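Heads up: the sequence shown begins at 2 in the working numbering, then just goes up one per residue.
Backbone N, C-alpha and C fix where the C-beta goes; we use that ideal spot for every residue, glycine too.
Values in this document were obtained by computation on a predicted structure and should not be read as measured data.
A short worksheet on the structure shown next.
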Amino acid sequence: FPSDDSAKRAAIFLESCGVADVITSSFGGRNRRCAEAFVQGGGRRSFDEIEAELLDGQKLQGVLTSHEVQHLLQFWECESEFPLFTTINRICAGEIPPSAITRYVDMPSGDDPLYRRRSMRQSSQMRLRTSTH
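This is the structure:
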(Lines of atoms letter the chains of each structure in order from A and count residues from 1; the text may use other names and numbers.)
(Lines give C-alpha, C1' and ligand atoms only; values in the text may rest on other atoms or scores of the structure.)
Protein backbone atom coordinates (compact mmCIF):
# COMPACT_ATOMS: atom_id res chain seq x y z
CA PHE A 1 0.00 0.00 0.00
CA PRO A 2 1.27 3.51 -0.68
CA SER A 3 2.44 5.56 2.22
CA ASP A 4 0.34 8.49 3.36
CA ASP A 5 2.78 10.93 1.73
CA SER A 6 2.69 9.30 -1.70
CA ALA A 7 -1.11 9.01 -1.56
CA LYS A 8 -1.36 12.72 -0.78
CA ARG A 9 0.97 13.60 -3.65
CA ALA A 10 -1.03 11.42 -6.05
CA ALA A 11 -4.27 13.05 -4.90
CA ILE A 12 -3.01 16.43 -6.11
CA PHE A 13 -3.49 15.30 -9.71
CA LEU A 14 -7.06 14.31 -9.03
CA GLU A 15 -8.07 17.62 -7.46
CA SER A 16 -10.66 19.55 -9.44
CA CYS A 17 -8.21 22.40 -10.08
CA GLY A 18 -5.74 20.01 -11.78
CA VAL A 19 -8.39 18.34 -13.91
CA ALA A 20 -10.01 21.68 -14.74
CA ASP A 21 -6.66 23.10 -15.84
CA VAL A 22 -6.04 20.17 -18.19
CA ILE A 23 -9.53 20.45 -19.68
CA THR A 24 -9.33 24.22 -20.07
CA SER A 25 -5.88 24.12 -21.64
CA SER A 26 -6.86 21.33 -24.02
CA PHE A 27 -10.00 22.99 -25.32
CA GLY A 28 -9.26 26.69 -25.18
CA GLY A 29 -5.69 27.40 -24.18
CA ARG A 30 -3.14 29.46 -26.08
CA ASN A 31 -1.19 26.44 -27.24
CA ARG A 32 -4.29 24.73 -28.63
CA ARG A 33 -5.50 27.85 -30.45
CA CYS A 34 -2.11 28.50 -32.00
CA ALA A 35 -1.61 24.83 -32.90
CA GLU A 36 -5.00 24.87 -34.63
CA ALA A 37 -4.01 27.95 -36.65
CA PHE A 38 -0.67 26.30 -37.49
CA VAL A 39 -2.39 23.16 -38.79
CA GLN A 40 -5.08 25.09 -40.67
CA GLY A 41 -2.31 27.00 -42.42
CA GLY A 42 -0.62 23.75 -43.40
CA GLY A 43 2.39 24.52 -41.24
CA ARG A 44 3.49 27.31 -43.60
CA ARG A 45 3.35 30.06 -40.97
CA SER A 46 5.75 30.11 -38.06
CA PHE A 47 4.54 29.92 -34.49
CA ASP A 48 6.10 33.37 -33.95
CA GLU A 49 3.79 34.83 -36.60
CA ILE A 50 0.75 33.03 -35.23
CA GLU A 51 1.61 34.04 -31.67
CA ALA A 52 1.87 37.71 -32.68
CA GLU A 53 -1.46 37.58 -34.50
CA LEU A 54 -3.54 35.68 -31.95
CA LEU A 55 -2.16 36.34 -28.50
CA ASP A 56 -1.95 40.12 -28.06
CA GLY A 57 1.51 40.02 -26.51
CA GLN A 58 1.12 36.77 -24.58
CA LYS A 59 3.64 34.04 -25.29
CA LEU A 60 3.26 30.39 -26.18
CA GLN A 61 4.74 27.96 -23.72
CA GLY A 62 4.33 24.71 -25.64
CA VAL A 63 6.74 25.44 -28.49
CA LEU A 64 9.47 26.66 -26.14
CA THR A 65 8.92 23.65 -23.87
CA SER A 66 9.13 21.32 -26.88
CA HIS A 67 12.50 22.82 -27.89
CA GLU A 68 13.83 22.55 -24.34
CA VAL A 69 12.71 18.92 -24.00
CA GLN A 70 14.27 18.11 -27.37
CA HIS A 71 17.60 19.63 -26.33
CA LEU A 72 17.60 17.40 -23.25
CA LEU A 73 16.70 14.31 -25.28
CA GLN A 74 19.57 15.08 -27.64
CA PHE A 75 21.97 15.78 -24.80
CA TRP A 76 21.09 12.44 -23.18
CA GLU A 77 21.11 10.76 -26.62
CA CYS A 78 17.68 9.22 -26.11
CA GLU A 79 15.54 10.78 -28.86
CA SER A 80 14.66 7.39 -30.33
CA GLU A 81 13.11 6.40 -27.00
CA PHE A 82 10.66 9.33 -27.23
CA PRO A 83 9.39 9.41 -30.83
CA LEU A 84 6.26 11.41 -29.99
CA PHE A 85 8.22 14.25 -28.35
CA THR A 86 10.72 14.25 -31.21
CA THR A 87 7.95 14.31 -33.84
CA ILE A 88 6.17 17.19 -32.10
CA ASN A 89 9.41 19.16 -31.98
CA ARG A 90 10.13 18.50 -35.65
CA ILE A 91 6.62 19.76 -36.51
CA CYS A 92 7.15 22.90 -34.39
CA ALA A 93 10.48 23.50 -36.12
CA GLY A 94 8.85 23.16 -39.57
CA GLU A 95 10.91 20.09 -40.50
CA ILE A 96 7.91 17.86 -41.13
CA PRO A 97 4.21 18.60 -41.83
CA PRO A 98 1.61 18.68 -39.03
CA SER A 99 -0.02 15.55 -40.48
CA ALA A 100 3.07 13.59 -39.41
CA ILE A 101 1.72 13.52 -35.85
CA THR A 102 -0.47 10.57 -36.80
CA ARG A 103 2.55 8.65 -38.11
CA TYR A 104 5.11 9.51 -35.45
CA VAL A 105 6.15 5.90 -34.89
CA ASP A 106 7.20 5.71 -38.56
CA MET A 107 9.21 8.96 -38.43
CA PRO A 108 13.00 8.94 -38.66
CA SER A 109 14.61 8.54 -35.30
CA GLY A 110 18.08 8.06 -33.93
CA ASP A 111 18.49 5.07 -36.28
CA ASP A 112 18.21 7.25 -39.40
CA PRO A 113 21.72 8.47 -40.44
CA LEU A 114 20.48 11.87 -41.65
CA TYR A 115 18.54 12.41 -38.45
CA ARG A 116 21.48 11.19 -36.35
CA ARG A 117 23.83 13.76 -37.97
CA ARG A 118 21.39 16.58 -37.20
CA SER A 119 20.90 15.31 -33.65
CA MET A 120 24.61 14.87 -33.00
CA ARG A 121 25.31 18.39 -34.21
CA GLN A 122 22.60 19.84 -31.98
CA SER A 123 23.64 17.61 -29.09
CA SER A 124 27.24 18.80 -29.31
CA GLN A 125 25.99 22.40 -29.36
CA MET A 126 23.96 21.65 -26.22
CA ARG A 127 27.00 20.13 -24.48
CA LEU A 128 29.03 23.19 -25.38
CA ARG A 129 26.37 25.52 -23.95
CA THR A 130 25.95 23.53 -20.74
CA SER A 131 29.70 23.14 -20.17
CA THR A 132 30.22 26.91 -20.29
CA HIS A 133 27.66 27.59 -17.55
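Remark: three or more beta-carbon pairs, one from each stretch, lie closer than 8 Å, so the segment 59–74 and the segment 82–99 are flagged as touching. For Gln-59, the three-state secondary structure derived from DSSP is coil. Closest option to Arg-34, judged by alpha-carbon separation, among Ala-21, Ala-53 and Val-20: Ala-53.
The three-state secondary structure of Pro-98, taken from DSSP, is coil. Across the set Ala-12, Glu-82, Thr-103 and Ala-38, the C-alpha of Ala-38 shows the shortest separation from the C-alpha of Leu-61. Residues of the same chain with a CB within less than 6 Å of the CB of Thr-87, apart from the 5 flanking positions on each side, are Glu-80 in chain order.
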